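Listed in order, the protein sequences are those of chains F and B.
Mapping to numbering that gives the first Met the number 0: the first sequence position 384 is 383, numbers consecutive.
Mapping to numbering that gives the first Met the number 0: the second sequence position 439 is 438, numbers consecutive.
Idealized CB from N, CA, C, for every residue including glycine.
Predicted, not measured: the structure shown is a model, and the values here were computed from it.
Notes for the one structure printed next.
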Amino acid sequence: MACNLSERTRAGIINPIFTCQPAGAQFASIGIKDCIGLVHGGQGCVMFVRLIFSQHFKESFELASSSVHEEGAVFGALKRVEEGVDVLLMRYPHVRVIPIISTCSTEIIGDDIDGVVVKLNEGLLKEKYADREVYLVPIHSPSFVGSMISGYDSAVRDIVKYFATKSDPNGKINLFTGWVNPGDVTALKHLLSEMDIEANLLFEIEEFDSPLMPDGQHVSHGETTVEDLRDTGNAFASIALNRYEGGKAAQYLEDELGIPATIGPTPIGIRNTDAFLQTLKKITGKPIPQALVKERGIAIDALTDLTHMFLAEKKVAIYGNPDLVIGLAQFCIDLEMKPMLLLLGDDNPNYARDPRILKLKEKVDWDMDIITNSDLFEMEDRIKNKGLDLDLILGHSKGRFTAIDYKIPMVRVGFPTYDRAGMYRHPVVGYAGAIWLAEQMANALFTDMEYKGEREWSLNVW
Amino acid sequence: MPHHEFDCSTCIPERKKHAVVKGPGETIADALPAGYLSTIPGSISERGCAYCGAKHVIGTPMKDVLHISHGPVGCTYDTWQTKRYISDNDNFQLKYTFATDMKEKHVIFGAEKLLKQNILEAFKAFPDIKRMTLYQTCASALIGDDINAIADEVMEELPDVDIFVCNSPGFRGPSQSGGHHTICIAWFKDKVGTVEPKITSDYVINYVGEYNIQGDQEVMQDYFKRMGIQVLSTFTGNGSYDDLRSMHRAHLNVLECARSSEYLCNELRVKYGIPRLDIDGFGFAPLSDSLRKIGLFFGIEDRAEEIIAAETARWKPELDWYKERLTGKKVCLWPGGSKLWHWAHAIHEEMGVEVVSVYTKFGHQGDMEKGIARAEEGALAIDDPNELESLEAMYKLKPDCIFTGKRPGEFAKKVRVPYLNAHAYHNGPWKGYEGWVRFARDIYNAIYSPIHRLALVDISKDELPSESGFQTRRMLSDVNLSDEIKNASELRQYTGKFDVTPDLRNKTALDYPYLRQDKLEQLV
Numbered sequence: 000m001a002c003n004l005s006e007r008t009r010a011g012i013i014n015p016i017f018t019c020q021p022a023g024a025q026f027a028s029i030g031i032k033d034c035i036g037l038v039h040g041g042q043g044c045v046m047f048v049r050l051i052f053s054q055h056f057k058e059s060f061e062l063a064s065s066s067v068h069e070e071g072a073v074f075g076a077l078k079r080v081e082e083g084v085d086v087l088l089m090r091y092p093h094v095r096v097i098p099i100i101s102t103c104s105t106e107i108i109g110d111d112i113d114g115v116v117v118k119l120n121e122g123l124l125k126e127k128y129a130d131r132e133v134y135l136v137p138i139h140s141p142s143f144v145g146s147m148i149s150g151y152d153s154a155v156r157d158i159v160k161y162f163a164t165k166s167d168p169n170g171k172i173n174l175f176t177g178w179v180n181p182g183d184v185t186a187l188k189h190l191l192s193e194m195d196i197e198a199n200l201l202f203e204i205e206e207f208d209s210p211l212m213p214d215g216q217h218v219s220h221g222e223t224t225v226e227d228l229r230d231t232g233n234a235f236a237s238i239a240l241n242r243y244e245g246g247k248a249a250q251y252l253e254d255e256l257g258i259p260a261t262i263g264p265t266p267i268g269i270r271n272t273d274a275f276l277q278t279l280k281k282i283t284g285k286p287i288p289q290a291l292v293k294e295r296g297i298a299i300d301a302l303t304d305l306t307h308m309f310l311a312e313k314k315v316a317i318y319g320n321p322d323l324v325i326g327l328a329q330f331c332i333d334l335e336m337k338p339m340l341l342l343l344g345d346d347n348p349n350y351a352r353d354p355r356i357l358k359l360k361e362k363v364d365w366d367m368d369i370i371t372n373s374d375l376f377e378m379e380d381r382i383k384n385k386g387l388d389l390d391l392i393l394g395h396s397k398g399r400f401t402a403i404d405y406k407i408p409m410v411r412v413g414f415p416t417y418d419r420a421g422m423y424r425h426p427v428v429g430y431a432g433a434i435w436l437a438e439q440m441a442n443a444l445f446t447d448m449e450y451k452g453e454r455e456w457s458l459n460v461w
Numbered sequence: 000m001p002h003h004e005f006d007c008s009t010c011i012p013e014r015k016k017h018a019v020v021k022g023p024g025e026t027i028a029d030a031l032p033a034g035y036l037s038t039i040p041g042s043i044s045e046r047g048c049a050y051c052g053a054k055h056v057i058g059t060p061m062k063d064v065l066h067i068s069h070g071p072v073g074c075t076y077d078t079w080q081t082k083r084y085i086s087d088n089d090n091f092q093l094k095y096t097f098a099t100d101m102k103e104k105h106v107i108f109g110a111e112k113l114l115k116q117n118i119l120e121a122f123k124a125f126p127d128i129k130r131m132t133l134y135q136t137c138a139s140a141l142i143g144d145d146i147n148a149i150a151d152e153v154m155e156e157l158p159d160v161d162i163f164v165c166n167s168p169g170f171r172g173p174s175q176s177g178g179h180h181t182i183c184i185a186w187f188k189d190k191v192g193t194v195e196p197k198i199t200s201d202y203v204i205n206y207v208g209e210y211n212i213q214g215d216q217e218v219m220q221d222y223f224k225r226m227g228i229q230v231l232s233t234f235t236g237n238g239s240y241d242d243l244r245s246m247h248r249a250h251l252n253v254l255e256c257a258r259s260s261e262y263l264c265n266e267l268r269v270k271y272g273i274p275r276l277d278i279d280g281f282g283f284a285p286l287s288d289s290l291r292k293i294g295l296f297f298g299i300e301d302r303a304e305e306i307i308a309a310e311t312a313r314w315k316p317e318l319d320w321y322k323e324r325l326t327g328k329k330v331c332l333w334p335g336g337s338k339l340w341h342w343a344h345a346i347h348e349e350m351g352v353e354v355v356s357v358y359t360k361f362g363h364q365g366d367m368e369k370g371i372a373r374a375e376e377g378a379l380a381i382d383d384p385n386e387l388e389s390l391e392a393m394y395k396l397k398p399d400c401i402f403t404g405k406r407p408g409e410f411a412k413k414v415r416v417p418y419l420n421a422h423a424y425h426n427g428p429w430k431g432y433e434g435w436v437r438f439a440r441d442i443y444n445a446i447y448s449p450i451h452r453l454a455l456v457d458i459s460k461d462e463l464p465s466e467s468g469f470q471t472r473r474m475l476s477d478v479n480l481s482d483e484i485k486n487a488s489e490l491r492q493y494t495g496k497f498d499v500t501p502d503l504r505n506k507t508a509l510d511y512p513y514l515r516q517d518k519l520e521q522l523v
């Protein structure tokens with residue numbers, strides 16, 4: 000009875016958990032205001048990423064391609080980056096930032112995106128756009144390294160590295176949220192506001208849940224400005240909620256600009272939210288107000304209604320973004336549930352050294368497997384062939400058929416969650432997130448009890 | 000005929016030749032935009048890549064196959080669960096996808112060993128499946144892995160498996176269309192003629208360029224079966240790998256989406272002498288004509304007429320109910336490739352809508368020729384549209400509905416134009432007689448959505464009617480209709496089921512004797 004950490008043993012991937020690095024860089028790019036990323040590679044690398052964003056958020060986001068065709072692949076395609084930048088600037092007069100995002104093809108053919116940025120800065124931007132402020136940020140995201148997670152982490156670091164400038168202290172903290180939803184941003188801003196703390200939030204993506212307005216405003220985009228990015232250099236502290244999504248940027252600011260960084264824990268569940276508030280208290284000296292004590296109380300009250308009656312000993316598998324998965328596992332354990340299988344979808348060697356994983360290995364007193372570099376077939380194979388018995392699955396929509404085919408209730412969480420309505424609107428972080436998650440899990444179990452006719456009568460008197 | 004210059008594209012003058020307005024009395028000789036040219040970088044075109052054209056559009060609808068891509072994981076992930084090509088074997092092809100997971104070390108030292116391991120593992124993980132399609136990606140193409148050699152090696156080691164290789168990296172050509180071409184030719188060259196089928200009818204067809212979106216193929220196959228025709232294979236929706244290896248034995252290739260797969264029909268005609276017959280599964284008249292043509296080819300027109308009469312009697316009153324309410328509504332017909340000409344005239348004539356614009360993302364000039372020929376005067380035709388041009392067109396044309404993809408649909412939503420998914424459909428299937436009514440029903444539901452009406456209101460400025468707590472769709476759609484039409488007893492709304500595929504799958508076909516077989520037995 001123990002927690003084991005291992006790697007996928009098959010060479011290949013059957014049903015991937017993550018997509019590749021350029022998608023992560025593109026997710027960072029859409030968080031910036033007046034910014035359109037230019038992805039240097041084949042058109043599919045953009046078209047499908049835009050599609051998955053629109054599947055998840057039910058919105059369309061602007062991202063461009065350098066449209067590398069055969070001749071570019073053979074003779075080099077930097078000309079197409081130059082043309083792409085020019086076309087974007089001509090047609091989108093508000094654009095100030097263009098991240099130039101590499102892909103597997105353009106990394107393999109050796110296109111020098113750093114060099115082309117220098118060339119454009121010296122040439123096109125001076126000659127044609129002298130009166131305009133334009134920032135070209137090269138982001139290397141070869142698809143054959145890491146995953147969308149590392150792509151996001153590196154991109155956030157590269158963007159911060161490009162802009163962060165030390166001038167006057169701004170009295171703010173930097174808050175790197177990681178790969179979250181608009182609902183999470185709302186919940187985080189609420190906690191910060193209750194604590195009376197001003198934060199530079201990266202990225203400000205609350206507007207990804209954008210309205211359908213009578214005047215026909217048509218584009219959803221993030222709200223983090225160039226000024227905000229520059230201002231990251233003037234914070235007195237940084238918090239990266241997620242070790243693997245934004246941690247690199249916080250670390251960069253600590254190493255290079257001396258801004259102390261706190262990395263994690265991801266504020267999922269009561270305990271991690273408590274830790275987040277403690278961190279805020281520690282670095283700002285501000286007290287935790289009664290309003291949050293009450294909010295926490297409401298959450299604890301809600302959880303108490305569910306845990307020992309319904310959630311205790313429920314066996315759960317969790318997959319998705321690493322910090323999310325670990326945070327959910329910790330929360331489930333607090334809810335008396337038994338995480339049996341955690342799947343992390345890439346080969347980041349740091350997982351083996353992650354203190355949270357080390358703690359699980361040390362303390363979990365049932366059979367629990369953590370598989371890194373995993374795929375979704377790992378879960379199905381264990382259910383089908385290796386006797387893994389699950390009561391619940393927590394994960395994103397790409398695993399939906401395992402839940403459907405094996406009749407296991409599932410709560411959609413993470414990215415992408417296209418097969419349930421409005422999931423991006425709800426937080427998983429903070430006390431609000433704890434309530435939402437626990438009640439979603441309970442309701443999924445209740446629906447399943449009724450559907451299968453298993454103890455459905457027990458809900459009569461609850 | 001003027002080329003149309005978008006305000007947003009004056010700075011990229013080469014775009015001007017990609018859009019035209021069909022003027023009064025003009026033909027395609029006057030109005031034809033350039034097509035299938037290199038995409039302008041940074042234009043935010045909607046095009047995909049040649050890998051997805053091969054793998055995602057054509058390869059993956061094949062239902063009894065392991066579909067594996069040789070490259071980093073993204074290509075596989077991105078082209079998984081983003082389409083609605085179902086199958087009658089529990090949607091295996093939707094549920095499972097395989098990536099060789101190429102990493103940096105493989106890029107440097109080669110990934111052929113990795114590929115072989117992957118293939119063996121995949122067959123081991125799914126021991127009941129013995130067929131595989133294997134796709135090159137940008138990365139594996141550029142490092143020069145010999146994918147065919149590895150596939151051959153595995154087939155030698157595992158004699159009961161068969162592997163099809165498609166070398167169509169993402170950069171191959173200006174759009175997904177390059178991939179359609181590549182996979183058609185590769186399938187023809189490598190696989191057709193390698194299996195001998197069991198012939199069970201005097202009339203044998205391949206159904207080509209049909210991807211079983213929401214069950215389209217199953218609807219059409221039902222008509223063919225009712226005519227006593229054996230559908231030897233479908234390329235590729237709900238299609239079976241081994242059936243598709245035996246395409247050479249058909250008497251006729253019935254071609255639906257010519258854009259994606261006419262290449263295959265043309266090759267089959269050259270090598271095996273199998274004629275090509277282009278059909279339309281969309282629209283009562285085009286579909287009826289199509290069934291007649293097939294009937295005529297085989298000399299079984301009566302069987303076709305029987306189906307046409309029965310289906311028309313059953314569904315025409317429902318189509319007409321919608322036609323009365325959709326007449327004059329403006330739509331933009333903005334699909335990917337061929338639907339602009341499959342739909343342009345049919346939705347105008349049978350649903351009464353005005354097609355104010357057609358566009359194609361990856362179509363060639365031939366698609367535009369057909370689309371423009373069938374579109375009405377004044378229609379704006381756009382090749383390889385980009386985001387700003389689409390927006391400008393929507394503001395200018397003020398359509399009541401647009402038919403386009405999922406993501407552009409979200410974008411249209413924000414300018415308060417309801418959209419229907421032209422690629423994956425809303426509540427399809429949309430082929431067949433019943434399907435065409437479902438399409439009309441979906442358009443009606445989009446255009447007359449009370450919520451859509453509320454989206455047009457600015458509560459800070461507009462006067463609001465005080466009396467209504469709700470609006471039904473008919474309160475909106477019937478407001479200008481005559482009482483005669485409103486109360487017409489012969490017209491009715493759609494009466495079919497939510498899901499039409501189970502009934503089709505449970506059906507047993509009419510039994511026409513296989514005459515040639517009988518004759519053969521008499522001779523013996």
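For residue i, the residue or residues it bridges with in DSSP
i                      : result
residue 410 of chain F : F:393
residue 252 of chain B : B:205, B:275
residue 137 of chain F : F:99
residue 131 of chain B : B:65, B:162
9 Å Cβ cutoff, residue i in contact with chain B
i                      : result
residue 103 of chain F : yes
residue 90 of chain F  : yes
residue 44 of chain F  : yes
residue 135 of chain F : no
residue 82 of chain F  : yes
Whole-angstrom C-beta distance between residue j and residue i, which should lie under 8 Å
i                      : j                      : result
residue 464 of chain F : residue 269 of chain F : A question about residue 464 of chain F goes unanswered here, because the residues of chain F that appear run from 0 up to 461.
residue 424 of chain F : residue 182 of chain F : 5 Å
residue 137 of chain F : residue 159 of chain F : So it is not a contact: roughly 14 Å between Cβ atoms.
residue 60 of chain F  : residue 52 of chain F  : 5 Å
Neighbouring residues, chain B, relative to residue i (Cβ below 7 Å)
i                     : result
residue 58 of chain F : 409
residue 69 of chain F : 170, 171, 172
residue 86 of chain F : 11, 39, 40, 41, 42
Test: residue i CB closer than 9 Å to a CB of chain F
i                      : result
residue 297 of chain B : no
residue 45 of chain B  : yes
residue 141 of chain B : yes
residue 8 of chain B   : yes
residue 406 of chain B : yes
Amino acids of chain B, ordered along the chain, whose beta-carbon sits closer than 8 Å to that of residue i
i                      : result
residue 462 of chain F : Residue 462 of chain F lies beyond the stretch modelled for chain F, which goes from 0 to 461, so this question has no answer here.
residue 48 of chain F  : 77
Chain-ordered neighbours of residue i on chain B, where CB pairs are closer than 9 Å
i                      : result
residue 397 of chain F : 76, 79, 80
Contact set between residue i and chain F, taken where Cβ atoms lie within less than 9 Å
i                      : result
residue 421 of chain B : Chain F residues near residue 421 of chain B: none, gap ~14 Å exceeds 9 Å.
residue 455 of chain B : 213
Interface residues of chain F facing residue i [CB-CB closer than 8 Å]
i                      : result
residue 103 of chain B : 141, 143, 144
Closer than 8 Å between beta carbons: that is the criterion. Which residues of the segment 113-124 of chain B meet it against chain F? 113, 116, 117, 120, 121, 124
Residues within the segment 7-18 of chain F neighbouring chain B, beta-carbon criterion of under 8 Å: 9, 10, 11, 12, 13, 14, 15, 17, 18
Short-range partners of chain F found in the segment 365-393 of chain B, where Cβ spacing is below 8 Å: 386, 387, 390
The segment 74-101 of chain B: positions lying closer than 9 Å to chain F by Cβ: 74, 75, 76, 77, 78, 79, 80, 81, 89, 90, 93, 94, 95, 96, 97, 98, 99, 100, 101
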